[in-house]
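S.K.: My questions will all concern the structure given below.
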Amino acid sequence: MKDSRFISADIDSTMDTRVENLKAEALELVQQALADGDNLHEDAAAAILNDFAGMGAKAFLQQLRTYSLLLDALKEKAVFPQMLTLLANLLRTGICKLDGEALDAVTVGRDAIQVEIDGKVTIIGTVNAEILTILSLGKESREAERQLLVIDQLVKRRNSETIQAVAHAFKIPIPDTERITLLIQKLFDGQGNFIRKTFEPMLDEFARHGNHAFELLWCYFKALKGRANRVSFLNALQHLISRIKRPKHALRFLLADFCRHPDRVEPSDRNAIMLANILLRTYNKELDVDIEMTPEEVLNVRNGLDRNVVHYAQFRIDSVEYRFSAKVHTIHAKMVALLKSPKPAKQSPSVRHLLFLEREIFIFLSLLSGKTAHHVLISALTEYGDPRSGIYRNLRAATYLPVFLQHLKIIVRGVGRVGTRDDVGLLRQISENGFQLSELSPTPENQRSVVRTMEWIENVIRGITATNWNSA
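Take the sequence shown: its letter number 202 is residue 227 in our numbering, and every next letter is one higher.
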């Protein structure tokens with residue numbers, strides 16, 4: 026994800042192209058660092074060229090063993106850091122394609138992994154920490170997939186078997202599983218509609234079950250039908266979040282779900298990031314009202330952020346940079362495809378939904394900072410700040426121009442929080458586009474929006490310059 030314009034409608038940022046580039050770089054390093062003809066050279070080349078799609082446990086074990094041997098052979102050589110980065114990125118891009126049973130066979134330890142196949146255990150020791158993190162996060166996504174599946178089965182048919190499956194998948198004692206799921210069932214009428222007034226009397230008991238209650242409620246939430254149900258239930262979940270003692274655990278669960286499928290957009294994605302935005306803060310005025318989006322004013326918040334949760338979220342996002350960035354690209358690409366259509370598409374998600382989802386992501390990353398946040402926001406600034414770019418040239422772009430310009434203002438404010446002196450040139454370039462942006466649709470509303478954004482750019486440039494001057 027080195028291209029700062031990966032989000033752009035004008036850039037071909039397909040996964041296959043990026044993977045082939047990674048493979049080519051890794052093969053070139055192998056040629057440089059290892060003697061041609063030895064076994065490790067051949068095995069390493071084969072592992073680099075392997076496609077992870079549908080790879081089973083035995084092939085995955087061989088892949089991990091070869092990666093480990095290759096890194097061990099190069100650990101004293103100058104090419105080691107580059108090779109580690111390339112292999113880590115290949116693993117990141119490939120792990121979501123694996124056969125699920127391959128990940129199930131892997132147990133991740135402190136500095137080693139254990140792979141069990143047909144009762145035989147193989148241990149690979151002294152595994153690089155970055156590789157261990159990628160495997161751990163991959164297993165989390167697999168676990169989230171299994172949890173959603175068993176909840177779906179429970180909703181369809183509640184019996185001792187499905188209760189036990191839920192208890193096992195969520196690692197909750199069976200009596201607690203029975204109680205929490207029974208409480209959740211009472212929140213809905215016979216047609217599956219959420220009854221808000223039944224939630225508040227149960228809030229104390231839900232809160233006592235902490236993250237177990239939140240995880241189960243979130244999985245039920247994903248099965249809800251109807252906008253009114255979703256909004257009402259989402260706001261109820263916010264009240265539970267405010268009572269959770271371990272917000273980092275809830276955040277981990279939401280981000281694992283959001284990043285499960287980088288090539289898909291789920292209806293719940295926007296709500297996951299919206300709830301994540303709430304978890305970052307120590308105080309939320311919106312708890313007292315029903316809301317459908319995070320207010321822009323949270324970009325003013327600094328002292329009201331929970332620093333421990335923010336640092337954890339930054340670590341999580343940076344650890345799954347490829348998945349997260351690929352997800353952002355997927356969301357934007359789907360929106361551009363709809364904007365190119367001569368008629369409004371009837372399928373879900375709509376352009377407006379995707380725009381609001383992007384908005385939540387930009388606010389979330391603005392509150393975090395970190396390398397992934399900076400990378401995505403700069404890419405978004407390049408896209409939404411250029412009136413000549415694909416997003417503005419699309420057939421139906423004029424309909425959404427006011428939202429595009431609101432996006433640009435939020436992105437600029439986000440860059441003000443996470444940007445560096447190196448970004449000042451791009452900000453000045455965007456500022457020079459102000460007249461052309463206002464001319465795209467010269468309504469008074471759009472004119473005012475552009476003027477406000479240009480004022481923010483000047484504020485951001487002054488802030489970045491002052492910060493760098495003081496730290497010099």
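Built from N, CA and C at the ideal position, the CB exists for glycine as well.
Compare the beta carbon distance of residue 238 and residue 246 with 8 Å and say whether it is the shorter of the two.
M.R.: Locating residue 238 in the sequence shown gives position 213, where the first residue counts as 1. Locating residue 246 in the sequence shown gives position 221, where the first residue counts as 1. Not in contact: residue 238 and residue 246 (Cβ atoms no closer than 8 Å).
S.K.: Return the chain-ordered list of same chain residues with a C-beta closer than 7 Å to the C-beta of residue 577, the five sequence neighbours on each side being excluded.
M.R.: There is no way to answer for residue 577, as the model of the chain reaches only from 26 to 497.
S.K.: Three-state secondary structure (DSSP) at residue 295?
M.R.: Taking the sequence shown and counting its residues from 1, one reaches residue 295 at position 270. Helix at residue 295.
S.K.: For residue 38, is the classification buried or exposed, using 16 other Cβ atoms within 10 angstroms of its Cβ as the cut-off for buried?
M.R.: Walking along the sequence shown from the start, residue 38 turns up at place 13. Its pLDDT being 48, under 50, residue 38 is placed unreliably by the model, and the measurement read from it follows with that caveat. Buried is the call here.
S.K.: Just to check my reading of the structure: residue 433 and residue 410 have Cβ atoms closer than 8 Å, yes? What is that Cβ distance to the nearest angstrom?
M.R.: Locating residue 433 in the sequence shown gives position 408, where the first residue counts as 1. Locating residue 410 in the sequence shown gives position 385, where the first residue counts as 1. Residue 433 to residue 410, Cβ: 6 Å. Contact.
S.K.: Check residue 420 in the structure and name its three-state DSSP category.
M.R.: Residue 420 sits at position 395 when you count from the first residue of the sequence shown. In the structure shown, residue 420 sits in coil (DSSP, three-state: anything other than H, G, I, E or B).
S.K.: In whole angstroms, what separates the C-alpha of residue 75 from that of residue 242?
M.R.: One-based indexing of the sequence shown puts residue 75 at position 50. One-based indexing of the sequence shown puts residue 242 at position 217. The straight-line gap from Cα to Cα measures roughly 39 Å.
S.K.: Report the rounded CA-to-CA distance for residue 379 versus residue 236, giving the unit in angstroms.
M.R.: In the sequence shown, counting from the first residue as 1, residue 379 sits at position 354. In the sequence shown, counting from the first residue as 1, residue 236 sits at position 211. Rounded to the nearest angstrom, the two C-alpha atoms are 28 Å apart.
S.K.: From this set, 343, 322, 454, 326, which residue's C-alpha is nearest residue 431's C-alpha?
M.R.: Against the sequence shown, residue 431 aligns to sequence position 406. Closest by alpha carbon: 322.
S.K.: Taking residue 49 as the reference, give the member of 68, 67, 59, 73 with the closest Cα.
M.R.: Within the sequence shown, numbered from 1, the residue matching residue 49 stands at position 24. Considering only alpha carbons, the answer is 73.
S.K.: Grouping DSSP H, G and I as helix and E and B as strand, with all else coil, what is residue 376?
M.R.: Counting from 1 along the sequence shown, the entry for residue 376 is found at position 351. Correct three-state label for residue 376: helix.
S.K.: Measuring only the C-alpha atoms, how far is residue 164 from residue 128?
M.R.: As a working mapping, residue 164 is identified with position 139 in the sequence shown. As a working mapping, residue 128 is identified with position 103 in the sequence shown. Cα to Cα, residue 164 sits roughly 6 Å from residue 128.
S.K.: Tell me which residue opens and which closes the beta strand (DSSP E) that residue 141 is part of.
M.R.: Residue mapping note: residue 141 aligns to position 116 of the sequence shown, counting from 1. Taken as a continuous stretch (DSSP letters only), the beta strand (DSSP E) holding residue 141 covers 138–142.
S.K.: Going by Cα to Cα distance, which pick from 421, 190, 351 is closest to residue 362?
M.R.: Counting from one through the sequence shown, the residue named residue 362 turns up at place 337. Comparing Cα positions, the closest option is 421.
S.K.: Flag this pair as touching only if the stretch 56–71 and the stretch 115–130 have three or more C-beta atom pairs under 8 Å; answer yes or no.
M.R.: The stretch 56–71 vs the stretch 115–130: no contact.
S.K.: From residue 470 to residue 306, what distance separates their C-alpha atoms?
M.R.: The count along the sequence shown starts at 1 and reaches residue 470 at position 445. The count along the sequence shown starts at 1 and reaches residue 306 at position 281. Whole-angstrom Cα-Cα distance: 31 Å.
S.K.: Can you give me the C-alpha to C-alpha distance between residue 348 and residue 394, rounded to a whole angstrom?
M.R.: Along the sequence shown, one-based indexing puts residue 348 at 323. Along the sequence shown, one-based indexing puts residue 394 at 369. Their backbone Cα atoms lie some 17 Å apart in a straight line.
S.K.: Just how far apart, CA to CA, sit residue 51 and residue 110?
M.R.: The count along the sequence shown starts at 1 and reaches residue 51 at position 26. The count along the sequence shown starts at 1 and reaches residue 110 at position 85. Those two C-alpha atoms are separated by around 9 Å.
S.K.: Is residue 294 near residue 283, with beta carbons less than 8 Å apart?
M.R.: Position 269 of the sequence shown holds residue 294. Position 258 of the sequence shown holds residue 283. In contact: residue 294 and residue 283 (Cβ atoms closer than 8 Å).
S.K.: Note down the Cα distance separating residue 216 from residue 223, rounded to an integer number of angstroms.
M.R.: In the sequence shown, the residue the question calls residue 216 occupies position 191. In the sequence shown, the residue the question calls residue 223 occupies position 198. If you take the alpha carbons of residue 216 and residue 223, they lie about 15 Å apart.
S.K.: If the criterion is Cβ atoms closer than 8 Å, does the pair residue 123 and residue 77 meet it?
M.R.: As a first step, residue 123 must be located in the sequence shown, where it is residue number 98. As a first step, residue 77 must be located in the sequence shown, where it is residue number 52. Yes, the Cβ-Cβ distance between residue 123 and residue 77 is below 8 Å.
S.K.: What are the boundary residues of the alpha helix (DSSP H) that residue 345 is part of?
M.R.: Taking the first residue of the sequence shown as 1, we reach residue 345 at position 320. Unbroken run through residue 345: none, as it is neither H nor E.
S.K.: Compute the Euclidean distance between the alpha carbons of residue 248 and residue 170, then round it to the nearest angstrom.
M.R.: In the sequence shown, counting from the first residue as 1, residue 248 sits at position 223. In the sequence shown, counting from the first residue as 1, residue 170 sits at position 145. Near 14 Å, if we compare the C-alpha coordinates of residue 170 and residue 248.
S.K.: Rounded to whole angstroms, what is the Cα-Cα separation between residue 359 and residue 201?
M.R.: In the sequence shown, residue 359 corresponds to position 334, counting from 1. In the sequence shown, residue 201 corresponds to position 176, counting from 1. Taking the straight line joining both Cα atoms gives about 41 Å.
S.K.: Within the continuous alpha helix (DSSP H) that includes residue 23, where are the two ends?
M.R.: A query on residue 23 cannot be resolved here, the shown segment of the chain reaching from 26 to 497 and no further.
S.K.: Give the range of the beta strand (DSSP E) segment to which residue 145 is assigned.
M.R.: The residue you call residue 145 lines up with position 120 of the sequence shown. Looking at the DSSP string, the run of the beta strand (DSSP E) that includes residue 145 is 145–149.
S.K.: In the stretch 217–291, which residue ranges form an unbroken alpha helix (DSSP H) of at least 4 residues, counting only runs that do not cross its ends?
M.R.: Whole alpha helix (DSSP H) segments, 4+ residues: 221–233, 235–247, 252–266, 272–283.
S.K.: Would you mind working out which of 382, 491, 91 sits nearest residue 357, comparing C-alpha positions?
M.R.: Within the sequence shown, numbered from 1, the residue matching residue 357 stands at position 332. For the residues 382, 491, 91, the minimum Cα distance to residue 357 belongs to 382.
S.K.: Grouping DSSP H, G and I as helix and E and B as strand, with all else coil, what is residue 133?
M.R.: Numbered from 1 along the sequence shown, position 108 holds the residue referred to as residue 133. Looking at residue 133 - three-state DSSP - the assignment turns out to be strand.
S.K.: For residue 85, name the three-state secondary structure that DSSP assigns.
M.R.: Here residue 85 corresponds to residue number 60 of the sequence shown, with the count starting at 1. Looking at residue 85 - three-state DSSP - the assignment turns out to be helix.
S.K.: As a quick exercise: from 417, 210, 135, 141, pick the residue whose alpha carbon is nearest that of residue 126.
M.R.: As a working mapping, residue 126 is identified with position 101 in the sequence shown. Comparing Cα positions, the closest option is 141.
S.K.: Indicate whether residue 266 and residue 228 have their beta-carbon atoms separated by less than 8 Å.
M.R.: Within the sequence shown, the letter at position 241 stands for residue 266. Within the sequence shown, the letter at position 203 stands for residue 228. In this structure, residue 228 does not lie closer than 8 Å to residue 266 by Cβ.
S.K.: Quick check on this structure: which residue in 373, 106, 354, 419 has the alpha carbon closest to the alpha carbon of residue 404?
M.R.: Walking along the sequence shown from the start, residue 404 turns up at place 379. When only C-alpha atoms are compared, the closest one is 354.
S.K.: Going by the CB atoms, is the gap between residue 328 and residue 392 shorter than 8 Å?
M.R.: Taking the sequence shown and counting its residues from 1, one reaches residue 392 at position 367. Taking the sequence shown and counting its residues from 1, one reaches residue 328 at position 303. The answer is no: Cβ separation not under 8 Å.
S.K.: Roughly how far, in whole angstroms, is the beta-carbon of residue 485 from the beta-carbon of residue 452, given that I think they are within contact range, below 8 Å?
M.R.: Here residue 485 is taken as the residue at index 460 of the sequence shown, counted from 1. Here residue 452 is taken as the residue at index 427 of the sequence shown, counted from 1. That pair is a contact at about 6 Å.
S.K.: Are the Cβ atoms of residue 482 and residue 385 separated by less than 8 Å?
M.R.: Numbered from its first residue, the sequence shown carries residue 482 at position 457. Numbered from its first residue, the sequence shown carries residue 385 at position 360. Their beta carbons are not under 8 Å apart, which means residue 482 does not touch residue 385 by this criterion.
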